[in-house]
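Novice: Residue numbers (our numbering), protein chains in the order written: chain Z, 32 to 121; chain U, 32 to 121; chain Y, 32 to 121; chain P, 32 to 121.
There are 4 protein chains.
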Amino acid sequence: MTRDEAIRRLKSTAGHLNGIVRMLEEDRYCIDVIRQIQAAQAALSRVSETILDGHLHSCVTTAVRGDDPEERERVLREITEVFRQTNKSG
Amino acid sequence: MTRDEAIRRLKSTAGHLNGIVRMLEEDRYCIDVIRQIQAAQAALSRVSETILDGHLHSCVTTAVRGDDPEERERVLREITEVFRQTNKSG
Amino acid sequence: MTRDEAIRRLKSTAGHLNGIVRMLEEDRYCIDVIRQIQAAQAALSRVSETILDGHLHSCVTTAVRGDDPEERERVLREITEVFRQTNKSG
Amino acid sequence: MTRDEAIRRLKSTAGHLNGIVRMLEEDRYCIDVIRQIQAAQAALSRVSETILDGHLHSCVTTAVRGDDPEERERVLREITEVFRQTNKSG
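1. At which residue ranges does the region 44-73 of chain Z contain complete beta strand (DSSP E) runs of 3 or more residues, listed in the order of the chain?
2. Take the Cβ of T44 of chain Y as the centre, count every other Cβ of all protein chains shown within 10 Å, and call the residue buried at 16 or more, exposed below.
3. Judging by CA-CA distance, which residue of U:E101, U:L55, U:R105, U:C90 is the nearest neighbour of T81 of chain Z?
4. Just to make sure I have the definition right: I need the residues of chain Z whose C-beta is within less than 8 Å of the C-beta of H88 of chain U. Which are they?
5. Assign D84 of chain Z to one of two classes, buried (16 or more other C-beta atoms within 10 Å of its C-beta) or exposed (fewer than that).
6. Counting pairs of Cβ atoms below 8 Å between the region 60-76 of chain Y and the region 96-113 of chain U, do you hit three or more?
7. Return the first residue and the last residue of the alpha helix (DSSP H) that V91 of chain P is part of.
8. Which chain Z residues sit within Cβ distance under 7 Å of T44 of chain U?
9. Can you grab the Cα-Cα spacing for the pair S76 of chain Y / R103 of chain U, in whole Å?
10. At which residues does the alpha helix (DSSP H) containing L107 of chain U begin and terminate?
11. Which residues in chain Z sit within 8 Å of G85 of chain U, going by Cβ to Cβ distance?
12. Report the neighbours of L107 of chain U on chain Z: residues whose CB is nearer than 8 Å to its CB, in chain order.
13. Quick one: which chain Y residues come within Cβ less than 7 Å of R40 of chain Z?
14. Based on Cα-Cα distance, which residue from Z:E57, Z:T117, Z:A71 lies nearest to R40 of chain Z?
15. Look at the alpha carbon of R108 of chain Z and the alpha carbon of L48 of chain U, and state the distance between them as a whole number of angstroms.
16. Do R105 of chain U and R96 of chain P count as a contact pair if the criterion is CB distance below 8 Å?
17. Report all residues from its chain with a CB closer than 8 Å to the CB of C90 of chain Y; omit the five preceding and five following residues, and keep chain order.
18. Hey, does R34 of chain P have any beta-carbon neighbour from chain Y nearer than 8 Å?
19. For I110 of chain Z and chain Y, any beta-carbon pair shorter than 8 Å?
20. Which same chain residues end up closer than 7 Å to D98 of chain Y when comparing Cβ atoms and leaving out the 5 residues on each side of it in sequence?
Given below as structure tokens:
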């Protein structure tokens, strides 16, 4: 469910980028192009959020409830790393 | 030049997104998918920066050196708006 | 430990902001001021990451390993919300 | 005017950070602390936007309308750099 939704939105965003390519080919106003790129970036953030939410409810929950302390540590560290990267990426 | 470079990178990022779709179809690890999405967002930021740089050296320079105070005000306001949106988007 | 480190860094960033106030009072170059503000924002992101990491290893781990499904759901939803807000804030 | 407003808001945000220090000292819930840090970061972005807007209407306008091509290039490059840093900072 989550996966299908993420796939659908990623395909839609890839189509959006191809539309932005056409804007550039037609010499559309730079600021309008930048705004469309920002909208595509926001759409990608929504996809990441959907995937993270699914991940927390599956892999993370399983690992944290499990008996392997290293595995538990690994999944939690990954969450912090993704959060750190979100602060920097873009 | 700037435009061709931006077009090339946007097409490449659209291809990247289609690769991420395949990762999801193959049930690849969620965190790896999120990292790829963050890389695509960073690539889009590089495109925006290239376009903004071109815009500053063309439209903005022309308007600021020109005689129409409203036009000058408009291009400067757009820069601040794009900056504001950058702080929020993603 | 985590808490003391977070407190120390927050106090340091508050001091940094007061230093930026002095830069403005001395009419320092705008771009230098903006760069200092961006550095203060990055420092705050490091504090959030430290706190999130501590939270994952304490409250989240306890709730996910616990028997209350609502509580488990609540802590996971908060992580997704913080991630979403990170994508937007700034 | 712009400067006084920026100073006022920076002082207010420094006060906000000291309030967050107290939240940590009182062992308040981690997620609430993170949300307050994110609010402080958003407030700092508003200050940067105000300062950038003033900069565009003063130094940038003067340089772009002036006769020194190196100076013109310098102020435009700084705008692109600030935009790039905004994409990364936080």
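All C-beta atoms, glycine included, are put in the ideal place defined by N, C-alpha and C.
Specialist: On the basis of the data shown:
1. Those beta strand (DSSP E) runs which fall completely within the region 44-73 of chain Z and span 3+ residues do not exist here.
2. Answer is buried; the Cβ neighbour count reaches 16.
3. The residue among U:E101, U:L55, U:R105, U:C90 with its C-alpha nearest the C-alpha of T81 of chain Z is U:L55.
4. Under the 8 Å cutoff, chain Z gives no residues; its nearest Cβ is about 11 Å from H88 of chain U.
5. With 16 or more other CB atoms across the displayed protein chains lying within 10 angstroms of its CB, D84 of chain Z is buried.
6. The way I'd put it, the region 60-76 of chain Y doesn't touch the region 96-113 of chain U; fewer than three beta-carbon pairs between them come closer than 8 Å.
7. V91 of chain P -> no alpha helix (DSSP H), and no H or E assigned at all.
8. Those are L48, listed as they occur along chain Z.
9. Those two C-alpha atoms are separated by around 36 Å.
10. The continuous alpha helix (DSSP H) containing L107 of chain U extends over residues 100-119.
11. Those within 8 Å of G85 of chain U in chain Z are C61.
12. Chain Z residues near L107 of chain U: none, gap ~12 Å exceeds 8 Å.
13. Within chain Y, no residue comes near R40 of chain Z; the closest Cβ sits about 15 Å away, beyond 7 Å.
14. Ranking the options by Cα distance to R40 of chain Z, first place goes to Z:A71.
15. Distance between the alpha carbons of R108 of chain Z and L48 of chain U is about 26 Å.
16. Inclusion of R96 of chain P and R105 of chain U in the CB contact set at 8 Å is not warranted, their separation being larger than that value.
17. In chain order, V106 place their CB closer than 8 Å to the CB of C90 of chain Y, counting only its own chain and leaving out the 5 sequence neighbours on each side.
18. Closer than 8 Å: yes.
19. Among the residues facing chain Y, I110 of chain Z is included, as its CB has a counterpart in that chain under 8 Å away.
20. Shown here for D98 of chain Y: not one same chain residue has a beta carbon closer than 7 Å to its own, the five before and five after excluded.
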